[in-house]
Amino acid sequence: MRALFPGSFDPVTQGHQDLLRRASPLFDEVVVCVMFNSNKTGRFPIAERLDRLRAAATGLSNVTVDSHTGGLLVDYCRRAGIDVVIRGIRNVHDLEYETPMARTNRELAGFETLFIAADPALAHVSSSLVTEMSRHEDPGRLLPAGEGRGEGERSGEQAAPL
Numbered sequence: 152m153r154a155l156f157p158g159s160f161d162p163v164t165q166g167h168q169d170l171l172r173r174a175s176p177l178f179d180e181v182v183v184c185v186m187f188n189s190n191k192t193g194r195f196p197i198a199e200r201l202d203r204l205r206a207a208a209t210g211l212s213n214v215t216v217d218s219h220t221g222g223l224l225v226d227y228c229r230r231a232g233i234d235v236v237i238r239g240i241r242n243v244h245d246l247e248y249e250t251p252m253a254r255t256n257r258e259l260a261g262f263e264t265l266f267i268a269a270d271p272a273l274a275h276v277s278s279s280l281v282t283e284m285s286r287h288e289d290p291g292r293l294l295p296a297g298e299g300r301g302e303g304e305r306s307g308e309q310a311a312p313l
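Residue numbers (the working numbering): 152 to 313.
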């Protein structure tokens, strides 16, 4: 079974890495894909986000990294032969946001969405929090190993719509 873990990943956080490591054993292949979110302004160029995702997926042989630069999530899933979409849920607000999208994707393209609860130790971590934190101090403890200061200081290109 082929799964998709979509997101803006701007920047990649420990929460993203944890979800990827936990989802990887559940599927034959996990495609982690940088997608565009019209509600967010890109800080890092897509190429840099892809590099950071590859680093976060080190040691996960069934994980591939991709980006989608046009169209909807369902368009990508149809083209790439995706069977299921993976979404991390940190709290009730995430669930309320993700549920209508999951239902719509099922109606439009017939694939399911698997919600994976965030590790409680990382449930407070978000890309927005990391960006804000980086304006005042080093957010390194919220990032995958090797990442550090400067996470919110860049302005990059947009990825494709979700």
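Even glycine gets a Cβ: it sits at the ideal position worked out from N, Cα and C.
Item to complete: Please specify which runs of the alpha helix (DSSP H), each continuous and at least 4 residues long, are wholly inside the region 177 to 226, giving them in chain order.
Response: Within the region 177 to 226, the complete alpha helix (DSSP H) runs of at least 4 residues are 197 to 207.
Practice prompt. Quick one: grab the DSSP three-state call for residue 154.
Written response: Reading the sequence shown from its first residue, position 3 is the one you call residue 154. Three-state DSSP puts residue 154 in a strand.
Discussion item. Quick check on residue 238: does DSSP put it in helix, strand or coil?
Written reply: Translated into positions along the sequence shown, residue 238 becomes position 87. Look at residue 238 here: in three-state DSSP terms it is strand.
Item to complete: Identify which residue in 165, 152, 173 has its Cα closest to the Cα of residue 180.
Response: Working through the sequence shown from its first residue, we reach residue 180 at position 29. If we check each option's Cα against that of residue 180, 152 comes out closest.
Worksheet item: Three or more C-beta pairs closer than 8 Å, one from the region 198 to 206 and one from the region 230 to 242: is that the case here?
Response: Judged by Cβ distances under 8 Å, the region 198 to 206 makes no contact with the region 230 to 242, as fewer than three pairs qualify.
Practice prompt. Output yes if chain D places a C-beta closer than 7 Å to the C-beta of residue 155; else output no.
Written response: The structure shown contains no chain D; it is built from a single protein chain.
Fill in: residue 272 (DSSP reduced to helix, strand or coil)
Your numbering for residue 272 matches position 121 in the sequence shown. Three-state result, residue 272: coil.
Worksheet item: When the distance is taken between beta carbons, is residue 239 closer than 7 Å to residue 177?
Response: Indexing the sequence shown from 1 puts residue 177 at position 26. Indexing the sequence shown from 1 puts residue 239 at position 88. It is not a contact, given that the beta carbons lie outside the stated cut-off.
Discussion item. Please identify the residue among 185, 167, 259 whose C-alpha is closest to the C-alpha of residue 268.
Written reply: Within the sequence shown, residue 268 is the residue found at index 117, counting from 1. Looking only at 185, 167, 259, the smallest Cα-Cα distance to residue 268 is reached by 167.
Worksheet entry | Counted within 10 angstroms of its Cβ, other Cβ atoms place residue 157 as buried (16 or more) or exposed | By one-based count along the sequence shown, residue 157 stands at place 6. The residue is buried, with at least 16 neighbouring Cβ atoms inside 10 Å.
Discussion item. Rounding to the nearest angstrom, what Cα-Cα distance links residue 265 and residue 213 in this structure?
Written reply: Position 114 of the sequence shown, counted from the first residue, corresponds to residue 265. Position 62 of the sequence shown, counted from the first residue, corresponds to residue 213. Taking the straight line from one Cα to the other gives about 18 Å.
Worksheet item: How about residue 197 and residue 218: do their beta carbons lie closer than 7 Å?
Response: The residue given as residue 197 occupies position 46 in the sequence shown. The residue given as residue 218 occupies position 67 in the sequence shown. Contact check for residue 197 against residue 218 passes: the beta carbons are separated by less than 7 Å.
Worksheet item: Taking the alpha carbon of residue 155 as the point to measure from, which residue in 272, 270, 255, 263 has its own alpha carbon closest?
Response: Residue 155 sits at position 4 when you count from the first residue of the sequence shown. It is 263.
Worksheet entry | Whole-angstrom distance between residue 208 and residue 299, CA atom to CA atom | In the sequence shown, counting from the first residue as 1, residue 299 sits at position 148. In the sequence shown, counting from the first residue as 1, residue 208 sits at position 57. A caution first: residue 299 carries a pLDDT of 46, below 50, which makes its placement in the model unreliable, though a value can still be read off. Residue 299 and residue 208 have their C-alpha atoms spaced approximately 17 Å apart.
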